[in-house]
Amino acid sequence: MKLNLKIWRQENATAKGKMVDYPVDGIDGDMSFLEMLDILNEQLVEKGEDTIQFDHDCREGICGSCSLQINGEPHGPDKLIATCQLHMRSFKDGDTIYIEPFRAKAFPVIKDLIVDRTAFDRIQQAWGYVSVNTSGNTVDANTIPIEKEKADESFNAATCIGCGACVAACKNASAMLFTSAKVSQYALLPQGRVEATERVQAMVRQMDEEGFGNCSNTGACEIECPKGISLENIARMNREYLAASVKG
Amino acid sequence: MSVLDSKIPKGPLKEKWTNHKNNINLVNPANKRNIDVIVIGTGLAGGSAAATLAELGYNVKTFCYQDSPRRAHSIAAQGGINASKNYQGDGDSDYRLFYDTVKGGDYRSREGNVYRLAEVSGNIIDQCVAQGVPFAREYGGYLDNRSFGGVLVSRTFYAKGQTGQQLLLGAYSAMNRQINRGKIKPYNRHEMMDLVLVDGKARGIIARNMITGEIERHSAHAVVLASGGYGNVFFLSTNAMGSNVTAAWRAHRRGAYFANPCYTQIHPTCIPVSGDHQSKLTLMSESLRNDGRIWVPKKKEDAEAIRAGKKKPTELSEEDRDYYLERRYPAFGNLVPRDVASRAAKERCDAGFGVNKTGQAVYLDFASAIERYGKEKAFTSGNKNASKEEIIKLGKEVVASKYGNLFDMYQKIVDQNPYETPMMIYPAVHYTMGGLWVDYNLQTTIPGCYAAGEANFSDHGANRLGASALMQGLADGYFVLPYTIGNYLSNDIRTGAISTDSPEFEETENAVKERMDKLMNANGNKSVDSYHKELGLIMWNKCGMARNAEGLKEAIEEIAALREDFWKNVKVPGTATSKNAELEKAGRVADFLELGELFAKDALHRNESCGGHFREEYQTEEGEALRDDENFRYVAAWEHKGKPADAVLHKEELVFENIELKTRSYK
Amino acid sequence: MGGFLNSTIARKFAMALSGLFLVLFLAQHFSINFISVFSKDVFNEVSHFMGTNFFVQALLQPILIFGVIFHFVMGFILEAKNRGARDIKYVKFAGNENSSWVSRNMIYSGLVILAFLGLHFYDFWFPEMIHKYIESHPEDAARYYDELVAKFQSPVRTILYVVSFVFLALHLYHGFSSSFQSVGWRNKYAKGLRGFTKAYAIIIPLGFIFIALFHYINNL
């Protein structure tokens, strides 16, 4: 099929960017979206032009590197997938496709479609862990039985791939879904409860400092999350945070 | 005596590690504060090593090419992690895990290393649970296990089909704690370009800031390479697009021996190739073989009809199906080790029984598992007279709870519903057992340069069992390397900070810049990817699942010629002073073009079949691998001498004192 | 408290609490207004009580005014931060694919309601003040009903009221249920509660519309 791509090009963080048209031809429905971009880049190399830079790595939807806003939606029109799992069979011959970087003040553009998501790393560095030494002097793993339902719920929260689609989809560029997934993973486990108060306060503080917007409960993040992380996590984080504030 | 000293401690197998830990030198906490360690790669091995080293008090700098340590490709591991906890009470023990691993590796690994791995395996699980890794649990609240290929016990811990992700996020969280303490300084979007040696010791690296293109010098008292494997030498593999051999290869060129490069694991359950546009292959966890049954049509005409789209697999009756693994290996059935399963699939497809348009695929069928689970579920929920539909519905629910995410992934890629029709799978390059040669302390042949995880060669021999890689990565990182490195660093307590102004740094930096200029200015007309694809094709056809001397000799020549052409005719657009994916790829492919040749050379010299290395000349009448323990019971470690063709072979004899060498049989 | 209110979650919590308080007030306001549909005397009586009772006037009224002001001022503050959080806008943004129009445009429905409050104060509250605090307008315990009815003679005002109530419905449709999420109240009753909030968001404004139209039509 033939497609008309409109792609954001921006030389570097300080340069001004713009949308540029790229027609492509001979696209097969079995190709992934990124393979389609590979073909376009191959053509650019032949012409000696700088290729379109985009983040990608595992190409199986788990590393969270890929980050495109496709036709106004993070990771494109299909749900519960990352861009690398989007296949061209979701588009029709002759379609115009808008490809933009994830937009947020806290995610500045590095080049073309690549954005800087280290804000997420800093949120996790704030207290996104259990303070346990890794040198191996812990109790036997089966010492603490954990309710299966809680363990599963914790796992579901922990499947977040940190891609930033929640921020990209949110009209407020809020990072509440991301932050709450991490807070929830630990809040649901006895190992994590010990520092739950400090954790939620530190992580929310960092999230605010990064310049993300507020949550206005539109639910867009949950719909666009490639892993289907639930809004329930945000409610839980709100609870955790408010309780922590009361405790001081 | 060989120049290679494996430094395996004396004494009985079970006491080696404990004795070693008791006898190695330690660095006192105050001195650790004055010692810097560089860690390349932030996957399971690198991330966990960085965390523990920092926790012990060293100043750690981590480097990864991704935008965050959390994205290292360990994250994509699906199935699970082995540990000899014996929680299931099915007779597991450290010895049994050790035995299975050595046997699985076709007796080409070191006893001492493997036993240590088994010994610390249980501790990994304790550690991860303490860190809040949400492993799967049973209703009683205790940890659940499943079984994996090549073993007869259930010792695999898992978190649905995302075990690697959960373990890596655990290691990353431990890193974050140390970053927050200021003990780890993370350099993300940085690629190691070369290793700097001062007085023969690894004392730092030259790195490229991938955003600004700046070439940076970083010094340390020791350098740990945890940069993963080199499966991408095949272009198509289950590795991430960015996975590369550059860090290991640069160290190799600086004097680290490269061991067993030809030992490559071809994983049996991947989604088949769909066309020329394909950029990577996707794995379907081996855990699927717990419940899925592998088959091809019994009659060729059925296979042909299926390929032509005239027949559907579900239309074939039981009698018309050939469950070839169950037929050939009744004891292990669908759970034979990966190398055996892969070769069996290739054998059937080569014989003309393959399915899919290409004929390069076999079926992995869940119909009987769905029925079995459905009946069980109906029975336990009190519905003793469940109808067929009810059973199927319940069975699908159970299968979805076990493998849901894998099934979804398959459906997204292939556009077929695996609950209704069997999955199609085919083997693909997945893991490389070869890597930098290391001694018992995980030190390479360069003093101060260590290698951990897939980047080293140490524990898996010629073939890796499922769920062992995660175990090895974390064992190396959390529990082994942070101690053994202390023995080396104890000599450095008076060294003080390493200067980056030395002529050695200057020279190495210039060499890196020169190489990049050469790539930028080749000004040919062929893209980096086109070379990579060509290399991949040579590798797959001549160094793939089955190899022969003739093909390997051709491969050596073809790769050398391709490499020469690459440096003349490659085209790298853009600039070196900004984010430039083409330039990044070019540097990596240039190294693959050297490694590929060494790979073929190693495969050619090893006149036997063992594990993932199958030489067509050396097989039994039944088509099984034929080992030659007399002549090849050694680790082949190659020393760089200018170019791959001139590499010099060093042998480390493998000594088996606790295990009797047998022909592997899974019948 | 100032420090607490710097965090996004606390601000949303405060927004939710003030919102919930206003929702309660709406119910009370509606019930009294609805009396006007069937009994002039009772309506006058209740209105007089509300207008003269010390507790209502000196305690509840300031709280209400504070609640209203807080709610919209905080709304503006949050909106400003939200807009700043995405400095460069998307060329194409497909918001409808993942969220409802009402949830994304609370600021606009809110602004309409704020404008309406201006009109509403002009219509009722300021005249009330005049009655209470200026000698020339003596107290009259039976004036409320007639004043109310008189306001709905004008078709323009009636239309303005009706339109405003539609926006109130939109605002409540997202805001009421959203406030429970903001305070972290999400459990097995959440689904039922959600149904209730949605019903409330439609029924109460519809009731106000009914009252307005009822008096307008009676005036014809």
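Residue numbers (our numbering), protein chains in the order written: chain S, 1 to 248; chain D, 249 to 915; chain G, 916 to 1135. C-beta atoms are modelled at their ideal positions from N, C-alpha and C, and glycine is treated no differently.
**Asked** Would you say Asp208(S) faces chain G, with C-beta separation under 9 Å as the test?
**Response** Here the question's residue 208(S) lines up with position 208 in the first sequence. Chain G, which has a Cβ nearer than 9 Å to the Cβ of Asp208(S), makes this yes.
**Item:** C-beta neighbour in chain G for Ile27(S), strict 9 Å
**Value:** Within the first sequence, numbered from 1, the residue matching residue 27(S) stands at position 27. Cβ-Cβ to chain G under 9 Å: no for Ile27(S).
**Message:** I want to see whether chain G comes within less than 9 Å of Leu3(S), judged by CB atoms only; does it?
**Reply:** Here residue 3(S) is taken as the residue at index 3 of the first sequence, counted from 1. By this cut-off, Leu3(S) is not an interface position.
**Prompt:** With DSSP run on the structure shown, which of helix, strand or coil describes Cys597(D)?
**Reply:** Counting from 1 along the second sequence, the entry for residue 597(D) is found at position 349. If DSSP states are grouped into helix, strand and coil, Cys597(D) belongs with the helices.
**Prompt:** Looking at Met440(D) and Ile432(D), is the spacing between their C-beta atoms short of 9 Å?
**Reply:** Within the second sequence, residue 432(D) is the residue found at index 184, counting from 1. Within the second sequence, residue 440(D) is the residue found at index 192, counting from 1. Contact flag unset, no.
**Request:** Taking Cys63(S) and Ile427(D) to be in contact with their CB atoms under 8 Å, please state how far apart those CB atoms are, rounded to whole angstroms.
**Result:** For the purposes of this step, residue 63(S) is identified with residue 63 of the first sequence, where counting begins at 1. For the purposes of this step, residue 427(D) is identified with residue 179 of the second sequence, where counting begins at 1. Actually they are not in contact, since the Cβ atoms of Cys63(S) and Ile427(D) sit about 20 Å apart, beyond 8 Å.
**Asked** Touching or not, the region 453 to 471 of chain D and the region 813 to 820 of chain D, by the rule of three or more beta carbon pairs under 8 Å?
**Response** Counting Cβ pairs under 8 Å, fewer than three are found: no touch.
**Message:** Quick check on the DSSP output: the beta strand (DSSP E) that includes Ile463(D) runs from which residue to which?
**Reply:** Counting from 1 along the second sequence, the entry for residue 463(D) is found at position 215. That run of the beta strand (DSSP E) goes Ile463 to Ser467.
**Request:** Report the neighbours of Arg205(S) on chain G: residues whose CB is nearer than 8 Å to its CB, in chain order.
**Result:** Counted from its first residue, the first sequence places residue 205(S) at position 205. Here the neighbours are Ser922.
**Asked** How should Ser565(D) be labelled, buried or exposed, when 16 other C-beta atoms within 10 angstroms of its C-beta is the threshold for buried?
**Response** Here the question's residue 565(D) lines up with position 317 in the second sequence. Its Cβ having fewer than 16 others within 10 Å, Ser565(D) is exposed.
**Message:** Considering only heavy atoms of the ligand COA, does any lie closer than 8 Å to the CB of Met176(S)?
**Reply:** Summarising the ligand content, the structure contains no ligands, and the ligand COA is consequently not present.
**Message:** Check for me: the alpha helix (DSSP H) holding Trp815(D) runs from which residue to which?
**Reply:** Stepping through the second sequence from its first residue, residue 815(D) is reached at position 567. That run of the alpha helix (DSSP H) goes Ala797 to Asn817.
**Request:** Kindly indicate if chain G contains any beta-carbon less than 9 Å away from that of Trp8(S).
**Result:** By one-based count along the first sequence, residue 8(S) stands at place 8. Chain G contact via Cβ: present.
**Asked** Is it right to say Met249(D) is buried, meaning 16 or more other beta carbons lie within 10 angstroms of its own, or is it exposed?
**Response** Mapped onto the second sequence, residue 249(D) falls at position 1. Note that Met249(D) scores 49 on pLDDT, short of 50, meaning its location in the model is unreliable; the coordinates nonetheless yield the value given after this. When all chains shown are included, Met249(D) counts as exposed.
**Request:** Taking Phe311(D) as part of the alpha helix (DSSP H), name the residues at either end of that continuous run.
**Result:** One-based indexing of the second sequence puts residue 311(D) at position 63. That residue, Phe311(D), is in no alpha helix (DSSP H); its beta strand (DSSP E) goes Asn307 to Phe311.
**Item:** Other residues of its chain near Tyr355(D): CB distance less than 6 Å, five sequence neighbours each side excluded
**Value:** Walking along the second sequence from the start, residue 355(D) turns up at place 107. Only Leu909 meet the Cβ criterion.
**Prompt:** Is there at least one Cβ from chain G nearer than 9 Å to Ile146(S)'s Cβ?
**Reply:** In the first sequence, residue 146(S) corresponds to position 146, counting from 1. It does not; no Cβ of chain G falls within 9 Å.
**Message:** Nearest by alpha-carbon distance to His268(D): which of Leu874(D), Asn735(D) and Tyr914(D) is it?
**Reply:** For this step, residue 268(D) is matched to residue 20 along the second sequence. When only C-alpha atoms are compared, the closest one is Asn735(D).
**Asked** Considering only C-alpha positions, which residue in the set Tyr347(D), Glu386(D), Gly859(D) and Ala450(D) is nearest to Ala710(D)?
**Response** Indexing the second sequence from 1 puts residue 710(D) at position 462. Ranking Tyr347(D), Glu386(D), Gly859(D) and Ala450(D) by Cα distance to Ala710(D) puts Gly859(D) first.
**Asked** If you run the structure through DSSP and keep just helix, strand and coil, what is Gly683(D)?
**Response** Counted from its first residue, the second sequence places residue 683(D) at position 435. Correct three-state label for Gly683(D): strand.
**Asked** Name the chain D residues whose beta carbon is nearer than 7 Å to that of Asn133(S)?
**Response** One-based indexing of the first sequence puts residue 133(S) at position 133. The contacting residues are Glu303.
**Request:** Taking Asp613(D) and Arg541(D) to be in contact with their CB atoms under 8 Å, please state how far apart those CB atoms are, rounded to whole angstroms.
**Result:** Start at 1 with the first residue of the second sequence, and residue 613(D) comes out as number 365. Start at 1 with the first residue of the second sequence, and residue 541(D) comes out as number 293. Right, the Cβ-Cβ distance comes to about 5 Å (below 8 Å), so this counts as a contact.
**Request:** Take every Cβ of the region 3 to 22 of chain S, pair it with every Cβ of the region 95 to 108 of chain S, and state whether three or more of those distances are shorter than 8 Å.
**Result:** Flag = yes, the region 3 to 22 of chain S and the region 95 to 108 of chain S touch.
**Item:** Residues near Thr748(D) in its chain [Cβ-Cβ closer than 6 Å; skip 5 each side]
**Value:** Along the second sequence, read from residue 1 onward, the residue named residue 748(D) stands at position 500. These residues qualify, in order along the chain: Arg465 and Ser467.
**Prompt:** Quick one: Cα of Gly128(S) to Cα of Arg199(S), how far?
**Reply:** As a working note, residue 128(S) is residue 128 in the first sequence. As a working note, residue 199(S) is residue 199 in the first sequence. Gly128(S) and Arg199(S): Cα-Cα distance of roughly 7 Å.
**Request:** Could you spell out the range, first to last residue, of the alpha helix (DSSP H) harbouring Ala759(D)?
**Result:** For the purposes of this step, residue 759(D) is taken as the residue at position 511 of the second sequence. Taken as a continuous stretch (DSSP letters only), the alpha helix (DSSP H) holding Ala759(D) covers Pro751 to Asn769.
**Request:** Excluding the 5 residues preceding and the 5 following Glu60(S) in the sequence, name in chain order all residues of the same chain whose CB lies nearer than 8 Å to its CB.
**Result:** Position 60 of the first sequence, counting from 1, holds the residue named residue 60(S). Result list for Glu60(S): Cys84 and Gln85, in chain order.
**Prompt:** In three-state DSSP terms, what is Ala551(D)?
**Reply:** As a first step, residue 551(D) must be located in the second sequence, where it is residue number 303. The answer is helix: DSSP assigns Ala551(D) an H, G or I state.
**Message:** Whole angstroms are fine: how far does the CA of Asp38(S) sit from the CA of Arg881(D)?
**Reply:** Taking the first residue of the second sequence as position 1, residue 881(D) is located at position 633. Taking the first residue of the first sequence as position 1, residue 38(S) is located at position 38. Computed Cα separation, rounded: 44 Å.
**Request:** Please say whether Phe506(D) and Gly389(D) have beta carbons closer to each other than 9 Å?
**Result:** For this step, residue 389(D) is matched to residue 141 along the second sequence. For this step, residue 506(D) is matched to residue 258 along the second sequence. Taking C-beta atoms as the reference points, Gly389(D) and Phe506(D) fail to come closer than 9 Å.
**Message:** Let's see if you can read the secondary structure: which residues bound the beta strand (DSSP E) around Met440(D)?
**Reply:** What you label residue 440(D) is simply residue 192 of the second sequence in a count that begins at 1. Its beta strand (DSSP E) spans residues His438 to Val446.
**Asked** Terminal residues of the continuous alpha helix (DSSP H) containing Glu878(D)?
**Response** Mapped onto the second sequence, residue 878(D) falls at position 630. Taken as a continuous stretch (DSSP letters only), the alpha helix (DSSP H) holding Glu878(D) covers Asp877 to Phe880.
**Asked** Alpha carbon to alpha carbon, what distance is there between His56(S) and Tyr658(D)?
**Response** Translated into the one-based positions of the second sequence, residue 658(D) becomes position 410. Translated into the one-based positions of the first sequence, residue 56(S) becomes position 56. Whole-angstrom Cα-Cα distance: 20 Å.
**Item:** 7 Å Cβ cut-off: residues of chain S touching Ser425(D)
**Value:** Stepping through the second sequence from its first residue, residue 425(D) is reached at position 177. The residue asked about is misnamed: residue 425(D) is Arg in this sequence, not Ser. Those are Tyr129 and Ser131, listed as they occur along chain S.
**Item:** Residues near Ala499(D) by beta carbon distance below 7 Å, same chain, minus five either side
**Value:** As a working mapping, residue 499(D) is identified with position 251 in the second sequence. Leu443, Leu473, Leu684, Thr692, Ile694 and Cys697.
**Request:** List the residues that DSSP assigns as beta-bridge partners of Lys433(D).
**Result:** In the second sequence, counting from the first residue as 1, residue 433(D) sits at position 185. DSSP lists Lys309(D) as partners of Lys433(D).
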